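Top to bottom, those sequences are chains C and E. Counting from 1 along the first sequence, just add 323 to a position and that's the residue number in the working numbering. Counting from 1 along the second sequence, just add 323 to a position and that's the residue number in the working numbering. The beta-carbon is built from N, C-alpha and C at its ideal position, and this holds for glycine as well. No experiment lies behind these values; they were computed from the predicted model shown. Everything on this sheet refers to the single structure shown next.
2 protein chains.
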Amino acid sequence: MPSRAAIVFANGTILLVPSPPIRILGIDPGLNRTGYGVVEVNGLRLACIATGVIRVPAGDLHQRLGTILRSLAAVIRDTQPHVATVEKVFVNINPQSTLLLGQARGAAICAAVAEGLVVHEYAALRIKQAVVGFGRADKRQVQAMVQRLLSLDRAPTSDAADALACAICHAHSASLSRALRSKASIAPRVRSIANGRRAWTARLQGLE
Amino acid sequence: MPSRAAIVFANGTILLVPSPPIRILGIDPGLNRTGYGVVEVNGLRLACIATGVIRVPAGDLHQRLGTILRSLAAVIRDTQPHVATVEKVFVNINPQSTLLLGQARGAAICAAVAEGLVVHEYAALRIKQAVVGFGRADKRQVQAMVQRLLSLDRAPTSDAADALACAICHAHSASLSRALRSKASIAPRVRSIANGRRAWTARLQGLE
């Protein structure tokens with residue numbers, strides 16, 4: 324049965340409209356470890372399609388960035404997400420670490436862009452609010468809530484949990500945007516459904 | 324006539340060995356402007372194959388990194404360099420600028436890696452020493468020397484000159500490495516040339 328999104332009218336009427344599942348790739352970039360997670364949004368349900376951590380071996384910078392680029396491209400080809408998300412980073416106190424993180428982040432975003440994905444960015448505060456309900460939640464709280472929201476057997480590692488949390492945050496934001504858009508365009512859509520019904524009724528009456 | 328590299332022995336003998344032309348891509352990454360230049364090394368001659376600046380329009384980060392990635396990939400496919408080079412950066416005083424530069428650098432390196440190129444990094448000091456002969460040379464001196472070394476009609480813009488200077492620096496380093504490798508392995512190579520000559524002489528004598 325295809326999933327349906329619920330549109331609730333001010334008078335309490337609920338309209339269920341078909342809504343195809345959407346897959347969201349979350350990335351937590353790092354030059355040593357890059358976490359990733361693909362979440363499928365099917366109506367109001369969330370499911371984890373794939374998650375893991377790309378462990379980048381020591382080597383020259385171009386080799387390390389190449390590992391991130393190729394590994395994420397493989398994840399994208401395997402799981403076919405529709406959109407990518409990445410956490411906005413606060414600059415590190417150590418400028419050299421900031422530069423390294425920037426390069427890893429550039430490689431991760433390029434992997435998504437090269438596969439034709441739009442990349443959305445969310446601040447850590449917003450991600451934690453979306454997943455835990457508290458912007459200053461610690462790593463363990465994020466891991467526990469990600470496990471719960473995605474019905475996972477065990478808590479994901481910290482890097483994987485951050486990536487999945489980013490994808491979940493986008494799922495919530497996207498649902499909200501869709502609902503707001505639906506509300507704004509509800510009148511023409513309802514008219515269109517009514518016209519469609521009338522056309523089918525006329526056609527069926529003609530066949531009788 | 325194929326180009327030849329000169330190997331000078333301690334006794335003053337000069338051996339010219341065939342050396343195919345090598346193309347080097349130099350990149351000067353930046354999120355607003357990314358300079359590039361492809362230099363062909365043909366024996367002792369240097370020639371500019373292509374140079375320019377990728378001007379990145381304002382937009383979301385993933386769009387800007389996508390522009391750098393795609394534009395550099397097009398340059399690489401058009402000019403077919405064998406290797407890429409990029410300037411090592413000193414971290415900026417402003418951490419946010421360092422992060423942005425890191426991301427642009429990550430995208431530029433990924434463009435080269437995705438096209439199968441190895442990427443060498445050189446410090447600005449070393450590049451200036453290789454091109455101008457003075458590590459603290461200013462931008463105008465670099466532009467003027469790049470114009471002179473590559474016999475260009477006019478001085479390239481600063482971003483393009485920095486990219487070309489990086490490629491020239493690698494050309495010098497690569498020549499030096501080749502010469503050192505040649506010197507280390509000169510005895511077996513000379514024996515091989517002598518054996519080859521003897522084999523050809525015997526064969527030609529047999530044909531007479």
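Beta-carbon spacing of residue i, residue j below 8 Å
i, j, result
"LEU395(C)", "ALA431(C)", "yes"
"VAL362(C)", "LEU448(C)", "no"
"ARG356(E)", "ILE377(E)", "yes"
"GLY429(C)", "GLY439(E)", "no"
"ASP535(E)", "ASP461(E)", "Outside the shown range of chain E, which is 324 to 531, sits residue 535(E), and nothing can be said about it."
"VAL398(C)", "TYR359(C)", "yes"
"HIS385(C)", "VAL364(E)", "no"
"ALA584(E)", "ALA484(E)", "Any question about residue 584(E) goes unanswered here, given that chain E covers just 324 to 531."
"VAL436(C)", "HIS493(C)", "no"
"ALA486(C)", "ILE450(C)", "no"
"ALA453(E)", "HIS495(E)", "yes"
"ALA427(E)", "GLY382(E)", "no"
"GLY532(C)", "SER342(C)", "In the structure displayed, chain C extends from 324 to 531; residue 532(C) sits before or after that span and is not available."
Three-state secondary structure assigned by DSSP to residue i
i, result
"ASP383(C)", "coil"
"HIS443(E)", "strand"
"ALA430(E)", "helix"
"VAL398(C)", "helix"
"ALA373(C)", "strand"
"PRO418(C)", "helix"
"SER481(C)", "helix"
"VAL469(E)", "helix"
"ALA453(C)", "helix"
"ALA437(C)", "helix"
"SER496(C)", "helix"
"ALA490(C)", "helix"
"SER508(C)", "For SER508(C), the predicted model reports a pLDDT of 46, less than 50, meaning its position is unreliable; a value from the coordinates is still stated below. Note: SER508(C) maps to coil in three-state DSSP."
"GLY458(C)", "coil"
"GLN403(C)", "coil"
"LEU423(C)", "helix"
"LEU475(E)", "coil"
"ASN518(C)", "Because the pLDDT of ASN518(C) is 46, which lies under 50, any placement of that residue in the model is unreliable, and the number read from its coordinates should be weighed accordingly. Residue state, collapsed to three classes: helix."
Identity of the residues DSSP links to residue i by a beta bridge
i, result
"ARG368(C)", "ASN365(C)"
"ARG346(E)", "GLU363(E)"
"GLU410(C)", "TYR445(C)"
"GLY358(E)", "ASP351(E), VAL376(E)"
task = Check whether the stretch 397 to 409 of chain C touches the stretch 339 to 354 of chain E, taking contact to mean three or more Cβ pairs, one atom from each stretch, closer than 8 Å.
result = no
request  = Give, in chain order, every residue of the stretch 434 to 458 of chain E whose Cβ lies closer than 9 Å to some Cβ of chain C.
outcome  = ALA434, ALA435, VAL436, ALA437, LEU440, VAL441, VAL442, HIS443, GLU444
request  = Would you check if there are 3 or more beta carbon pairs closer than 8 Å linking the stretch 455 to 473 of chain C to the stretch 378 to 395 of chain C?
outcome  = no
task = Name, going along the chain, the residues of the stretch 389 to 411 of chain E whose beta-carbon falls closer than 7 Å to a beta-carbon of chain C.
result = GLY389, LEU392
task = Evaluate contact between the stretch 414 to 423 of chain E and the stretch 408 to 424 of chain C, counting only Cβ atoms and requiring at least three cross-stretch pairs below 8 Å.
result = yes
key: Chain-ordered residues of the stretch 345 to 373 of chain E with a beta carbon less than 8 Å from chain C   = none
task = Name, going along the chain, the residues of the stretch 374 to 386 of chain E whose beta-carbon falls closer than 9 Å to a beta-carbon of chain C.
result = ASP383, LEU384, HIS385, GLN386
key: Within 9 Å of chain E by C-beta, residues of the stretch 421 to 435 of chain C in sequence order   = THR421, LEU422, LEU423, LEU424, GLY425, GLN426, ALA427, ARG428, GLY429, ALA430, ALA431, ILE432, CYS433, ALA434, ALA435
query = Listed from N- to C-terminal order along the chain, which residues in the stretch 470 to 497 of chain C have their beta-carbon within a distance smaller than 7 Å of any beta-carbon of chain E?
reply = none
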